[in-house]
Each structure stands twice: as C-alpha cells, then as structure tokens.
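First the structure, in the form of structure tokens, and then the observations on it.
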Amino acid sequence: MVEVVAGYATGAQGAGVAYARLSGEGRQNILRVAFRVSAPRECRERAAGYAALTAIVRALWKRGIRAARLIVGDEEFAQEIATGRCVDERLAIPYVRLRCAMNSLATFDVQAGSADDLTQRAKAEAALNVAA
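In this note's numbering, the protein residues as written are 181 to 312.
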C-alpha cells in the first residue's frame, strides 16, 4: 500500500494545485496535479479538498497504483470522506466524484496527519499564479 500525503490550495479564480508525497517500497516521490473548482465561496475550501483528492487518486490510477492510504491535514475532512457524514448538500457531487475515484482502487483508506509542508508549497504556487 502506498502512503499518499496530500496538500492543496486554490487561487481566487478556482484554479488549484495539489501535491502528494508518495511513499512505499522504500521509495518516495512527489506528485503534482492541477485541478479546478467552482463552488460557492463559503464551501470553496472543502470543494477544493474534494477536487484535489479526486485529481490525486486519478493520477495514482494512471500510474498503476491500486492500494493507497490518503493522509490529509484536517481530521474533520478525513472523517467526512471516510464516513460520508456531515457532507454539505452543495458538496454532494464533488464527494461522489471522489468516492467513485477511490472505489476504482482495490484498497484505500483516509486518515488525518501532517501535510503542512505540501499545503504551504501549494499555497505559495497558487498565490504566484494569482499574481501573475
């Protein structure tokens, strides 16, 4: 099983970037994927999380990875993904997209953990893209 630590951010226009640190079999790689989100401002951050993780899981699938443990920096978000409880109705479609992508894997798990370095990297890139 590959451990996937995920950090992500979006700019004001909804363009986002996600970084994932893939660890397994004694190797470690960094994966970068772009995504786009269009959601009301009050739930944009959570929608960005769903879009980022969906993009990461799809990239894992393309690379032949079929078992992954996703680690996100927010305990509440990890529980929401794992259980489906407390999903805002405005986020139902992004949630379903993520679950469909995750179900394409043979095995997956979602946990909370530290993703601060990757999140900061994504925030810096998103800020530069907005300023450019």
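Glycine residues also receive a C-beta, built at the ideal position from the N, C-alpha and C atoms.
Quick one: Cα of residue i to Cα of residue j, how far?
| i | j | result |
| --- | --- | --- |
| Gly229 | Pro274 | 9 Å |
| Arg209 | Arg265 | Reading off the sequence shown, one finds Asn at residue 209, where the question assumed Arg. Distance between the alpha carbons of Asn209 and Arg265 is about 32 Å. |
| Ala247 | Ala281 | 12 Å |
| Gly196 | Glu260 | 21 Å |
| Arg207 | Gly253 | 22 Å |
| Lys242 | Thr234 | 12 Å |
| Gly204 | Ala192 | 35 Å |
| Ala292 | Arg221 | 24 Å |
On the DSSP letters alone, give me the boundaries of the alpha helix (DSSP H) that residue i sits inside.
| i | result |
| --- | --- |
| Gly229 | 224-242 |
| Cys280 | 272-283 |
Between residue i and residue j, which are expected to be in contact by the criterion C-beta below 8 Å, what is the C-beta distance as a whole number of angstroms?
| i | j | result |
| --- | --- | --- |
| Gly194 | Val217 | 5 Å |
| Arg279 | Cys223 | In fact, because the Cβ distance is near 17 Å, the residues do not count as touching under 8 Å. |
| Ala295 | Gly187 | 4 Å |
Going by the DSSP bridge assignment, what does residue i pair with across the sheet?
| i | result |
| --- | --- |
| Glu183 | Ser203, Arg249 |
| Leu161 | Because the chain spans 181 through 312 in this model, residue 161 falls outside it and cannot be assessed. |
Could you give the residue range of the beta strand (DSSP E) that holds residue i?
| i | result |
| --- | --- |
| Gln259 | Taken as a continuous stretch (DSSP letters only), Gln259 belongs to no beta strand (DSSP E), being part of the alpha helix (DSSP H) at 255-263. |
| Ala219 | Unbroken run through Ala219: none, as it is neither H nor E. |
| Val290 | 287-292 |
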